[in-house]
Amino acid sequence: MKKSLCYLICAVVFSSIATFTFGQSKYGNTPEDSVKCLENLSVYKVYYDQKNFGTATLNSWRWVYNNCPKSSKNIYIHGVKMYESFLQSETDSKKKDAYMDTILTIYDQRIANFGEEGIVLGYKGVDLISYKPTDYNKALGFLEKSVTLLENSTKADVLSLYFQAIVFKYKNNEIDQKAAVEYYGKIMPIIESNITNAKESSKKYYEQAKQSVEALLINDVKPTCEILVSILKPKFDATPNDPELLKKIISTLEKQCNETELYMTAVEKLLPIEPSAKAYESFGDMMYLKKNTSKAIESYKSAASLETDPVKKAEIFVKLSKLASGSAAISYANQAIAQDSKNGNAYLLIAVEYAKGASSCVAGDEQAAFKEKTIFWLAADYCVRAKNADPSIASTANNLLASYEARFPGSEEIFFQGLKIGDSYSINCSFSGTTTVRARK
């Protein structure tokens, strides 16, 4: 180990001396300074890579941090990680505060020597509010400036914790409800922009940030529709054809205030300006609320044709299935499953349609009385598939399952049909499927 470390130090030192004459002075102002800097840089880096944050590592790291601060941005990245590990394992509150102060100072020095103020302020605010939530006002200052500097390039965790700090202020009566909602209106367009435009690897983090921010608004701020509309209406009146504003109005009001006139007007205005899956789906929702089923179906079909996200497309097909009936409803539900096999509601919709259509499916058959009951086997199968696909709807699925099991044929009926419990059984009428013979309990 010591020989390897010596070889590494010698290599970087000789490299430094060789290049120093060409004006590379980030390691020091003299060849001697450069040698000392690279020696300590190499020592701390070897130990750091081994996750050894002991005295030898810290002494070498501190020397580099204090004497050649421009030698590497990793000084600051590694320094933060080391002190975060100290903070996490410390139990003494005063020492924890001291470690946090050191982390903030390291971030300041990183900005002074390597810039990237917007990004680093975001890291600074996230760390402070995560480790010391009571300092939310101080953290908010860092987070707010980061958002101001980076705008649509702001990191997802910065945006969600920025609003968390706002909620802390609101709950401590430092700002009113209207001000908290104004901040929400500032943050959401940035999140929505990244959900649409960010790299695929990053989109999930903005989706999570959206869920977090929306939950904070609904559960902690709890604004009334009147407050939301009072904030957004003057902006709409000033620029009624601004697509970004229209999208902001829609995303703000669609959860709980989608029956307001402002929401409906914004949806209608956005559709011809910027046709999209989201706009058509929102318009379909609006038509559904107005009980205009044909318009709603037409809009949902357009939304499905434009939507590229399979999970979102599945949800649109579920909406279509709920508005249709019989084979059309089943077809839409199957299309939802094809897009997202974990969409439990789609399986339940099929189960319901099978149960509703049991009588008409076998009408006119000599064995109609028995065969009608067999269709509930198929309906029950889809209830089981629903809760397996999505455990969150298990309660609803189990309730339906119990009602369908009560409609199964009895053991004697099954016997007189020449069938046995556990046999495979095919259903062929207006819909078809293969199921398993079971008796009513």
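Heads up, our numbering is the position in the sequence shown plus 145, with the first residue counted as 1.
C-beta: ideal position from N, C-alpha, C; glycine also.
Test item: CB-CB of Y445 and E426 under 8 Å: Working through the sequence shown from its first residue, we reach residue 445 at position 300. Working through the sequence shown from its first residue, we reach residue 426 at position 281. Going by C-beta atoms, Y445 is nearer than 8 Å to E426.
By DSSP, does G578 sit in helix, in strand, or in coil? Here residue 578 corresponds to residue number 433 of the sequence shown, with the count starting at 1. Strand, per DSSP.
Here's the rule: buried if 16 or more other CB atoms are within 10 angstroms of the residue's CB, otherwise exposed. What is S305? Taking the first residue of the sequence shown as 1, we reach residue 305 at position 160. It counts as buried.
Expressed to the nearest angstrom, what Euclidean distance is found between the alpha-carbon atoms of F198 and A325? Looking up residue 198 in the sequence shown gives position 53. Looking up residue 325 in the sequence shown gives position 180. Near 42 Å, if we compare the C-alpha coordinates of A325 and F198.
Starting from the Cα of A587, find the closest Cα among K316, Y492, K218 and give me that residue. Any answer about residue 587 is impossible in this case: the structure gives the chain only from 146 up to 586.
To which residues of the same chain is E404 closer than 8 Å at the C-beta, ignoring the five residues directly before and after it? In the sequence shown, counting from the first residue as 1, residue 404 sits at position 259. Sequence-distant Cβ neighbours of E404 in its own chain, meaning closer than 8 Å and more than five residues away, are L434.
Once the 5 residues before and after S571 are set aside, which same chain residues still bring their CB inside 6 Å of it? Within the sequence shown, the letter at position 426 stands for residue 571. So the qualifying residues of the chain are T579.
For A301, which residues in the same chain have their Cβ closer than 8 Å to its Cβ, ignoring the five residues on either side in sequence? Position 156 of the sequence shown, counting from 1, holds the residue named residue 301. If we look at A301 and ignore the five residues flanking it on each side, its Cβ neighbours are I336, N339, S347, Y350, Y351, Q353, A354.
Just to check my reading of the structure: Y228 and Y252 have Cβ atoms closer than 8 Å, yes? What is that Cβ distance to the nearest angstrom? Within the sequence shown, the letter at position 83 stands for residue 228. Within the sequence shown, the letter at position 107 stands for residue 252. With a Cβ gap of about 11 Å, Y228 and Y252 do not count as contacting.
Within 10 angstroms of the Cβ of E557, are there 16 or more other Cβ atoms? Answer buried if so, exposed if not. Here the question's residue 557 lines up with position 412 in the sequence shown. E557 sits exposed, since fewer than 16 C-beta atoms from the chains shown fall within 10 Å of its C-beta.
State yes or no: is the C-beta of I332 within less than 8 Å of the C-beta of Y307? Within the sequence shown, numbered from 1, the residue matching residue 332 stands at position 187. Within the sequence shown, numbered from 1, the residue matching residue 307 stands at position 162. Yes; because the gap between Cβ atoms is below 8 Å, this pair is in contact.
Report the rounded CA-to-CA distance for D237 versus Y276, giving the unit in angstroms. Looking up residue 237 in the sequence shown gives position 92. Looking up residue 276 in the sequence shown gives position 131. D237 and Y276: Cα-Cα distance of roughly 14 Å.
Looking only at DSSP bridge pairs, what is S569 linked to? Here residue 569 refers to the residue found at position 424 of the sequence shown. S569 is bridged to T581.
Within the same chain, show all residues whose beta-carbon is closer than 6 Å to that of D280, passing over the 5 residues directly before and after it, in chain order. Within the sequence shown, residue 280 is the residue found at index 135, counting from 1. The answer, listed in chain order, is L273.
Are there three or more Cβ pairs, one per stretch, closer than 8 Å when the region 485-504 is compared with the region 526-540? yes
In terms of residues, what are the limits of the alpha helix (DSSP H) holding Y172? In the sequence shown, residue 172 corresponds to position 27, counting from 1. Segment: none, Y172 is in no alpha helix (DSSP H) and carries neither H nor E.
Kindly indicate the opening and closing residues of the alpha helix (DSSP H) around N204. Within the sequence shown, residue 204 is the residue found at index 59, counting from 1. From DSSP, the alpha helix (DSSP H) with N204 extends over 200-212.
Going by the CB atoms, is the gap between I482 and F576 shorter than 8 Å? Here residue 576 refers to the residue found at position 431 when the sequence shown is read from its first residue. Here residue 482 refers to the residue found at position 337 when the sequence shown is read from its first residue. Cβ distance not < 8 Å, so F576 and I482 don't count as in contact.
If F553 sits next to A584, beta carbons under 8 Å apart, how far is it from one beta carbon to the other, in whole angstroms? Reading the sequence shown from its first residue, position 408 is the one you call residue 553. Reading the sequence shown from its first residue, position 439 is the one you call residue 584. Confirmed, about 6 Å.
Is it right to say A547 is buried, meaning 16 or more other beta carbons lie within 10 angstroms of its own, or is it exposed? Here residue 547 refers to the residue found at position 402 when the sequence shown is read from its first residue. Burial call: exposed.
Distance, A524 Cα to T581 Cα: Counted from its first residue, the sequence shown places residue 581 at position 436. Counted from its first residue, the sequence shown places residue 524 at position 379. Rounded to whole angstroms, the gap between the alpha carbons of T581 and A524 is 11 Å.
Looking at V358: is its Cβ nearer than 8 Å to the Cβ of Y329? In the sequence shown, the residue the question calls residue 358 occupies position 213. In the sequence shown, the residue the question calls residue 329 occupies position 184. Going by C-beta atoms, V358 is nearer than 8 Å to Y329.
Please name the residue, chosen from I538, E550, W522, that lies closest to D568 on a Cα-to-Cα basis. For the purposes of this step, residue 568 is taken as the residue at position 423 of the sequence shown. The shortest C-alpha separation from D568 is found at W522.
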